[in-house]
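Notes to accompany the following structure.
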Amino acid sequence: MAHSHDVLVIGGGAAGLMCALSAGRLGKRVLVLEHANRVGKKILMSGGGRCNFTNTGATPANYLSANPHYCKSALARYTPADFIELVDRHRIAWHEKELGQLFCDDSSKQIVKMLVDQCAAAGARIETGCQVERVQHVDGGGFRLHTSHGSFSAASLVVACGGLSIPSMGASGYGYELARQFGHRVLPTRAGLVPLTLTGKHQENLQDLSGVALPVEARCRDMYFRNFMLLTHRGISGPAILQISSYWQPGDDLRLDLLPGSDALERLQELQRARPAAEFRNALAELLPKRFAQRLCEVWLAHLRPQRPLRQFNLPELKQVASLLQNWPLVASGTEGYRTAEVTLGGVDTDELSSSTMQSKKVPGLYFIGEVVDVSGWLGGYNFQWAWASGHAAGNAA
Ligand SMILES: Cc1cc2nc3c(=O)[nH]c(=O)nc-3n(C[C@H](O)[C@H](O)[C@H](O)COP(=O)(O)OP(=O)(O)OC[C@H]3O[C@@H](n4cnc5c(N)ncnc54)[C@H](O)[C@@H]3O)c2cc1C
153 MAHSHDVLVI
163 GGGAAGLMCA
173 LSAGRLGKRV
183 LVLEHANRVG
193 KKILMSGGGR
203 CNFTNTGATP
213 ANYLSANPHY
223 CKSALARYTP
233 ADFIELVDRH
243 RIAWHEKELG
253 QLFCDDSSKQ
263 IVKMLVDQCA
273 AAGARIETGC
283 QVERVQHVDG
293 GGFRLHTSHG
303 SFSAASLVVA
313 CGGLSIPSMG
323 ASGYGYELAR
333 QFGHRVLPTR
343 AGLVPLTLTG
353 KHQENLQDLS
363 GVALPVEARC
373 RDMYFRNFML
383 LTHRGISGPA
393 ILQISSYWQP
403 GDDLRLDLLP
413 GSDALERLQE
423 LQRARPAAEF
433 RNALAELLPK
443 RFAQRLCEVW
453 LAHLRPQRPL
463 RQFNLPELKQ
473 VASLLQNWPL
483 VASGTEGYRT
493 AEVTLGGVDT
503 DELSSSTMQS
513 KKVPGLYFIG
523 EVVDVSGWLG
533 GYNFQWAWAS
543 GHAAGNAA
């Protein structure tokens, strides 16, 4: 016999738990089925263990989706202030790091505990270590699930299985599989918020600089992000690169401004006035990390004979250097993939979902929320805000 509920939620991550507590508060009988041995594993590892749980500046413009309008309704109805209010009520201390990013002072465990406590208070049950084997749509409405913990039925089924990023944390493609089973289109998925890899000459020229970090403005496809870049053994990372990686596609031109926010020619001319006798290759280290400046001189500026004193550089030469510093071209060969990606781009096509309830337009009672949907946020708390907002929308509708 199947145990009957009002709402079954597959996936006990950020979106699933928010959905469960929202539906539970409305008096619904809710059961969360989680295949891992505990819920909220990604929350636990997020933000370096301190969970960047929202961004106070979150707007629809901070999300990638084939339909950029889809996320608007849910984000407007559950805002960062709503989540902050919940966090404050649970006396979880937090701070703003930069750019509206809010982190726990102490530990992301507090966020998971808060969500689990809220589920318990709302009467929503959680089954961990539960493998869903089969999902059936029942004639006349509703769903029946066959799992390793028995059979369950409900009028509403919420798919909150997340994306493909970090398989070792419980990620699976099950949400996409279910979407296809019910006739939904799944847009091609790819890794986002992920380090980019370099090969060939670019890698040879930079790999021994692994660990060097510098502020840049990374540009690709009319998008730009100003923040730090970190050189790694395999390529480039750091917040500016992770952000631009969600827009970068193989073959795309990637450009880096190595002196973001300043006029490179002016800075070089100032340097020339201040240190006319200094060798150019040494003086450049006043504008950039020393080893990086040296490598630029050895590889990208060798034709300008950077061992010359600065006073010997004429205006056209300084302009050449300025142009390179403001528009440094880098050819990425790929990304590090789902193993290290923070998010999965693409997913369940939003055209077939209601933007106010997250409900399927094809199968009544079926909902998709969180990262499994084709909505992906920037780095900085935006992805959790989408998980909370979409979970809240479905939880109130299911
Ligand atoms: C290392 C890392 C750090 C991050 N840091 C941040 C951050 O600080 N701020 C931010 O906003 N975002 C961050 N993110 C992104 C954020 O974690 C995700 O966008 C968010 O967790 C998505 O919520 P979700 O509920 O859709 O998916 P998830 O939180 O991934 O939850 C999906 C759940 O479904 C379960 N599941 C999967 N398949 C099945 C199945 N077949 N049966 C049952 N259960 C299943 C999974 O085990 C998991 O518990 C980070 C991501 C990573 C990988």
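One rule links them: number in this note's numbering = place in the sequence shown (from 1) + 152.
The C-beta atom is built at its ideal place from N, Cα and C for all residues, glycine as well.
Taken from the Cβ of I236, every heavy atom of ligand 1 lies 7 Å or farther away. Contact between G314 and G533 is absent: CB atoms are separated by about 17 Å, not below the 8 Å threshold. For V311, the number of other beta carbons within 10 angstroms of its own is at least 16, and it is reported as buried.
The beta-bridge partner set that DSSP reports for Y519 consists of V310 and Q511. Restricting attention to R378, G543 and P441, the CA atom closest to the CA of V368 is found in R378.
As summarised for the segment 312-347, the continuous beta strand (DSSP E) elements at least 3 residues long and confined to that stretch are 338-344, given in chain order. A residue is called buried when at least 16 other Cβ atoms come within 10 angstroms of its Cβ; P458 meets this threshold and is buried. Short note on K194: C-beta closer than 7 Å to some heavy atom of ligand 1. Note that the C-beta distance between T492 and P347 is below 8 Å. Here K193 is buried: its Cβ has 16 or more other Cβ atoms, across all protein chains shown, within 10 Å.
Going by C-alpha positions, R443 is about 7 Å away from L361. Rounded to whole angstroms, the gap between the alpha carbons of T280 and H544 is 21 Å. Y490 sits close to A343, with the two beta carbons spaced by under 8 Å. In the DSSP assignment, L160 falls within the unbroken beta strand (DSSP E) covering H155 to I162. Going by DSSP, E356 is part of the alpha helix (DSSP H) stretching over G352 to L358. No residue range can be given for N479, since it is assigned to no beta strand (DSSP E) and is classified by DSSP as neither H nor E.
Placement of the Cβ of H187 at a distance of less than 7 Å from at least one heavy atom of ligand 1 is found. Taking the C-beta atoms as reference points, M510 is found no nearer than 8 Å to S485. Contact between L267 and L173 holds: their C-beta atoms lie close to 7 Å from each other, under 8 Å. Secondary structure within the segment 411-474: not one fully enclosed beta strand (DSSP E) run of 3 or more consecutive residues is present. Within its own chain, the residues whose Cβ lies closer than 8 Å to the Cβ of H247, once the five positions on either side in sequence are excluded, are L254, F255 and D257, listed in chain order.
The alpha-carbon separation between L411 and L417 amounts to approximately 10 Å. Exclusion of the five residues before and after R386 leaves T349 as the residues of its chain whose Cβ lies within less than 6 Å of its Cβ. Here L406 has L348, A370, R371, C372, I396, W400, P481, L482, V483 and A484 as same chain residues with Cβ atoms under 8 Å from its own Cβ, once five neighbours each way along the sequence are excluded.
When Cβ pairs closer than 8 Å are counted between the two stretches, the segment 466-475 is seen not to touch the segment 296-304, the count staying below three. The straight-line gap separating the alpha-carbon atoms of G413 and A365 is approximately 17 Å.
Put simply, the backbone Cα of T384 is about 37 Å away from that of L330. With a cutoff of 8 Å on beta-carbon distance, A435 and R425 are scored as not near each other. The criterion of a C-beta distance shorter than 8 Å is satisfied by G335 and K514. Residue pairing from DSSP places M381 in a beta bridge opposite L366. Residue range P232 to R241 is occupied by the alpha helix (DSSP H) that includes R241, with no beta strand (DSSP E) assigned at that position. Taking the Cα of D503 as reference, the smallest distance to any Cα among A218, S156, G322 and L309 is reached at A218. The criterion of a C-beta distance shorter than 8 Å is not satisfied by F536 and F304. If you draw a 10 Å sphere on the C-beta of N214, you find 16 or more other C-beta atoms in it, and that means buried. Looking at V182, Y328 and M321, the one whose alpha-carbon comes closest to that of M197 is M321.
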